[in-house]
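Note sheet for the following structure.
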Amino acid sequence: MSIFVDKNTKLLVQGITGKEGQFHTRQCVAYGTQVVAGVTPGKGGQKMDDVPVFNSVKDAVKETGANCSMIFVPPPFAADAIMESADGGVDVIVAITEGIPVMDMMKVKNYIQDKPVRLIGPNCPGIITPGECKIGIMPGVIHKAGGPIGVVSRSGTLTYEVVHQLTEQGIGQTTCIGIGGDPVNGTNFIDCLSAFQDDPDTKGIVMVGEIGGTAEEEAARFIKEKVTKPVVGFIAGLTAPPGRRMGHAGAIISGGSGTAQGKVSAMKDVGTHVCEDLGRLGELCAKVFS
Amino acid sequence: MKIHEYQAKELFKKYQVPIPEGSPASTVDEAVSVAEGLGGYPVVVKAQIHAGGRGKGGGVKLAQSADEARKVAGEILGMTLVTHQTGPEGQEVKKLLVEQGLDIKKELYLSIIPDRATASIVIMASEAGGMDIEEVAAKTPEKIIKVFVDPLLGIQGYHCREAAFGLNLPPAAIKAFIPMLSKLYKLFVDYDCSLLEINPLVITGDDAVIALDAKVNFDSNALFRHKDIIEYRDLDEEDPLEVEASKYNLNYITLDGNVGNMVNGAGLAMATMDIIKLAGAEPANFLDVGGGASAEMVENGFRIMLSDKKVKGILINIFGGILRCDVLAEGVVQAAKKTGIEVPVVVRMEGTNVEEGRKILADSGLNLTTAVDLKDAASKVAEIVA
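Spelled out as structure tokens, the structure:
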């Protein structure tokens, strides 16, 4: 089992004919993901390798039965692409694009709120159910199929680091999700924690947070109320100066809120195993999840 | 991106938001001539730097005559203004804003910000104007009114009335405030602002509502559609190394320590800084070369780190995913040879083709120490700078 995506997921790629879109589509295909369609307005009728390209998401869904979309569209057009997908009938949207204006994402978030669709990202590495499908830009090879651990993170390469350490310890993963580093995003920690809690194959959860916002504090409250599976947490940015945007648009301590210290103590207070030394995260997981 | 108060007020003027009469000045003579043109004293002379807390630092002064205007303009212009936001090194004042003095009856606080948790635009207002709003929020949160606006709907009359009545405005001021708030909201949305703050917003003796101060920040991700705002950028207000890094799309932030570090990906970069600290050393910077860094970006990153003379050792932490470790190792070696690195460098890499990558580093003949994992890397670099 897994959450949100599995071997039956049929993927369409928005922006498939661009450099990034092409490269990562090929990587996903090589991993075993069913990539059934691409969308690039004006290039309908063409093919990218063996993948048929359509002018719109609606056409692609109608012709191929795609139920998930992965977005590589550049920032000025990405919000439009997300809303097109939400309107086009897919169940899951994975927005990889980094640099979408906050104003655009606020509109997107309100627009999709009442629609039966899940948005993952933007500004994220994507989602992978090891051994079944990879929808994103993460290196498939570092993952270990078969579970029993679910991983959710706001970061990209930091998630790879965490997954790599799990795999080194012989601990496999059910699903790994990057929810993205932007201040306004789709799926949040609570959505993932809740899904992992309900997934019978997931026996424990690793949650990787960072400075900025209050998502980790809200997740901690949710863990206290609803999560019975063990959770290992890590928060990046203990040494980050206030008021500075640390690479991710959402990673900023403002007005004394969003500090790593605050998040670490919120998570500790609810019994989460907080790892303070990233170098030893794998060891801690081996201990907690054994 | 931040802009100066006088620039923010130019935007206010464009949106017909009432501001005091005044103009910017770059010299003392210019300041005096602006003061003389305002039609009477007192005038206010305000230092134009990006940091807040200017008044407390001595950067805002009243003048009752042309002579006094000359004197205070001379004091403020060229001074190194230290506020709680500039850090101890302060910021040199290169520009002034000279404005008419107002008959102030009441000071209010007003701001507009995006609320990340609710994905809405929130208007914050308080009768406790002129004070540090973070302090008000911490001590007396009930004194802050919050009005949430759905960005798809936009601001409506009732939003403005909610704020106006919440501020206990006198009837004449309510009439002025409602269209003003509506215009401020429009400015906020039109320009993709990340913060619009007026502290204080004042009610004058004749119940006019005027923006005495103006602070406007912009979402950097949206600057592609606001070329006019990019013109407002003042490089003097930014760290020179950060300006240099931004030319190459590198996320670089100067810090106080002596361990330079270069990492691919923002989350891993923050975690690397943390692990340096945990090992007993202090990071000299945050440097994210991006999840898919190229050899060229690595080279520029090296050059920028090395121009910080505090740096006594460097830690490179790369998690090679899509980007293979052997390609990165080549980039590191090339960059090291080109830039002539004089400080010890510890390299930790992991991921695709890591063995090949390590071999390239080992065979390079450079003064590079290879670390097997993160713990090892942090302790090795901490040892070097100890």
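Residue numbers (the working numbering), protein chains in the order written: chain A, -13 to 276; chain B, 23 to 408. All C-beta atoms in this analysis are idealised placements derived from N, C-alpha and C, irrespective of residue type, glycine included. No experiment lies behind these values; they were computed from the predicted model shown.
- Please check if any C-beta of chain A sits within less than 8 angstroms of the C-beta of arginine 76 (chain B). Closer than 8 angstroms: no.
- Query: Can you list, in chain order, the residues of its chain whose CB lies under 7 angstroms from that of threonine 105 (chain B), leaving out five sequence neighbours each side?
  - Reply: So the list reads Ala73, Gly74, Gly75, Arg76, Lys78 and Gly79, once near-sequence residues are dropped.
- Query: Considering aspartate 348 (chain B), what are the terminal residues of the alpha helix (DSSP H) in which it resides?
  - Reply: Start and end: 347 to 361.
- Unbroken stretches of the beta strand (DSSP E), 3 residues or longer, contained in the region 119 to 185 of chain A: Within the region 119 to 185 of chain A, complete beta strand (DSSP E) segments of at least 3 residues are found at 119 to 122, 134 to 139 and 158 to 164, given in chain order.
- Task: Determine the contact status of serine 142 (chain B) and methionine 92 (chain A), defining contact as a CB-CB distance below 8 angstroms.
- Result: Contact flag set, yes.
- Item | Test: glutamate 70 (chain A) CB closer than 8 angstroms to a CB of chain B | By this cut-off, glutamate 70 (chain A) is not an interface position.
- Counted within 10 angstroms of its Cβ, other Cβ atoms place glycine 279 (chain B) as buried (16 or more) or exposed: Per the 10 Å Cβ criterion, buried.
- Item | chain B contact for tyrosine 17 (chain A) (CB, 8 angstroms cutoff) | No, tyrosine 17 (chain A) does not count as interfacial toward chain B.
- Expressed to the nearest angstrom, what Euclidean distance is found between the alpha-carbon atoms of glycine 96 (chain B) and threonine 49 (chain B)? Cα-Cα distance, rounded: 8 angstroms.
- Rounded to whole angstroms, what's the CA-CA distance from valine 120 (chain B) to tyrosine 63 (chain B)? Just pull it up for me. For valine 120 (chain B) and tyrosine 63 (chain B), the distance between alpha carbons rounds to 11 angstroms.
- Message: Between the region 280 to 296 of chain B and the region 313 to 330 of chain B, can you find at least three pairs of beta-carbon atoms closer than 8 angstroms?
- Response: Using a C-beta cut-off of 8 angstroms, the region 313 to 330 of chain B makes contact with the region 280 to 296 of chain B, since at least three inter-stretch Cβ pairs fall below that distance.
- Who are the near neighbours of leucine 60 (chain B) in its chain, counting only those whose CB is closer than 8 angstroms to its CB and skipping five residues on each side? Glu43, Gly44, Val120, Glu121 and Gln122.
- Query: For the alpha helix (DSSP H) that contains valine 25 (chain A), what are its first and last residues?
  - Reply: Per DSSP, valine 25 (chain A) belongs to no alpha helix (DSSP H); it is in the beta strand (DSSP E), 20 to 25.
- State yes or no: is the beta carbon of arginine 266 (chain A) nearer than 8 angstroms to at least one beta carbon in chain B? Put simply, the CB of arginine 266 (chain A) is near chain B, with a gap under 8 angstroms to one of its CB atoms.
- Task: Measure the beta-carbon distance from phenylalanine 58 (chain A) to glycine 126 (chain A) and round it to whole angstroms, keeping in mind my assumption that it falls under 8 angstroms.
- Result: The beta carbons of phenylalanine 58 (chain A) and glycine 126 (chain A) sit about 17 angstroms from each other, so the pair does not count as a contact at 8 angstroms.
- Count the other C-beta atoms from every protein chain shown that fall within 10 angstroms of the C-beta of glycine 132 (chain A), then say buried if there are 16 or more, exposed otherwise. By the neighbour-count criterion, in which 16 or more other beta carbons inside 10 Å mark a residue as buried, glycine 132 (chain A) falls on the exposed side.
- Out of B:His26, B:Gly176, B:Val94 and B:Ser401, which has the shortest C-alpha to C-alpha gap to arginine 370 (chain B)? Comparing Cα-Cα distances from arginine 370 (chain B) to each of B:His26, B:Gly176, B:Val94 and B:Ser401, the minimum goes to B:Ser401.
- Would you say lysine 120 (chain A) and threonine 225 (chain A) are within 8 angstroms of each other, going by their C-beta atoms? At a Cβ-Cβ threshold of 8 angstroms, lysine 120 (chain A) and threonine 225 (chain A) do not count as neighbours.
- Item | Supposed close pair lysine 95 (chain A), proline 134 (chain A) - CB separation, criterion 8 angstroms | A Cβ-Cβ distance of about 32 angstroms is found for the pair lysine 95 (chain A) and proline 134 (chain A), leaving them out of contact under the 8 angstroms criterion.
- Query: For glutamate 27 (chain B), does the count of other Cβ atoms within 10 angstroms reach 16, so buried, or fall short, so exposed?
  - Reply: Buried: at least 16 other Cβ atoms inside 10 Å.
- With respect to 7 angstroms, is the separation between the Cβ of proline 192 (chain B) and the closest non-hydrogen atom of the ligand FMN below this value? The ligand content of the structure shown is nil, which means the ligand FMN is not present either.
- If we count the other Cβ atoms within 10 Å of its Cβ and call it buried at 16 or more, is lysine 68 (chain B) buried or exposed? Buried, by the Cβ-count rule.
- Message: Using the Cβ count rule (16 or more neighbours within 10 Å means buried), how would you classify methionine -13 (chain A)?
- Response: With fewer than 16 other Cβ atoms within 10 Å, it is exposed.
- Query: Secondary structure at phenylalanine 240 (chain B), three-state DSSP: helix, strand or coil?
  - Reply: Three-state result, phenylalanine 240 (chain B): strand.
- Query: Using the rule of at least 16 other Cβ atoms within 10 Å of the residue's Cβ for burial, across every protein chain shown, is valine 171 (chain B) buried or exposed?
  - Reply: Around the C-beta of valine 171 (chain B), 16 or more other C-beta atoms lie within 10 Å, and the residue is accordingly described as buried.
- In chain B, what lies closer than 8 angstroms to proline 62 (chain A) by C-beta? Per Cβ cutoff of 8 angstroms: Phe246 and Arg247.
- Task: For the alpha helix (DSSP H) containing cysteine 261 (chain A), list its first residue and its last residue.
- Result: In this chain, cysteine 261 (chain A) is not harboured by any alpha helix (DSSP H), its DSSP state being neither H nor E.
- Query: How many whole angstroms separate the CB atoms of isoleucine 165 (chain A) and valine 192 (chain A), which I take to be in contact at a CB cut-off of 8 angstroms?
  - Reply: That belief does not hold up - the Cβ atoms of isoleucine 165 (chain A) and valine 192 (chain A) are roughly 13 angstroms apart, past 8 angstroms.
- Query: So which residues on chain A does isoleucine 297 (chain B) lean against when the C-beta distance must stay under 9 angstroms?
  - Reply: The answer, in chain order, is Asp263, Leu264 and Gly265.
- For the region 325 to 343 of chain B against the region 246 to 264 of chain A, are there 3 or more C-beta pairs whose distance is under 8 angstroms? Short answer: they don't touch.
- Task: Could you list which residues in chain B have their beta carbon closer than 7 angstroms to that of arginine 104 (chain A), in chain order?
- Result: Taking a Cβ-Cβ threshold of 7 angstroms, none of the residues of chain B is close to arginine 104 (chain A); the smallest such distance is about 15 angstroms.
- Query: Any Cβ of chain A within less than 8 angstroms of the Cβ of lysine 397 (chain B)?
  - Reply: With 8 angstroms as the cut-off, lysine 397 (chain B) counts as an interface residue toward chain A.
- Using a Cβ cut-off of 8 angstroms, pull out every chain B residue sitting near isoleucine 86 (chain A), in sequence order please. For isoleucine 86 (chain A), the residues of chain B that pass the 8 angstroms Cβ criterion are Asn243, in the order they occur in the chain.
- Message: Considering just the uninterrupted stretch of the beta strand (DSSP E) at asparagine 221 (chain B), what are its terminal residues?
- Response: That run of the beta strand (DSSP E) goes 215 to 226.
- Message: Give the list of continuous alpha helix (DSSP H) stretches no shorter than 4 residues that lie fully inside the region 221 to 305 of chain B.
- Response: For the region 221 to 305 of chain B, whole alpha helix (DSSP H) runs of length 4 or above, ordered along the chain, are 249 to 252, 262 to 269 and 288 to 300.
- Query: Listing by chain order, which chain B residues have their CB less than 8 angstroms from the CB of proline 169 (chain A)?
  - Reply: Under the 8 angstroms cutoff, chain B gives Pro136 and Arg138.
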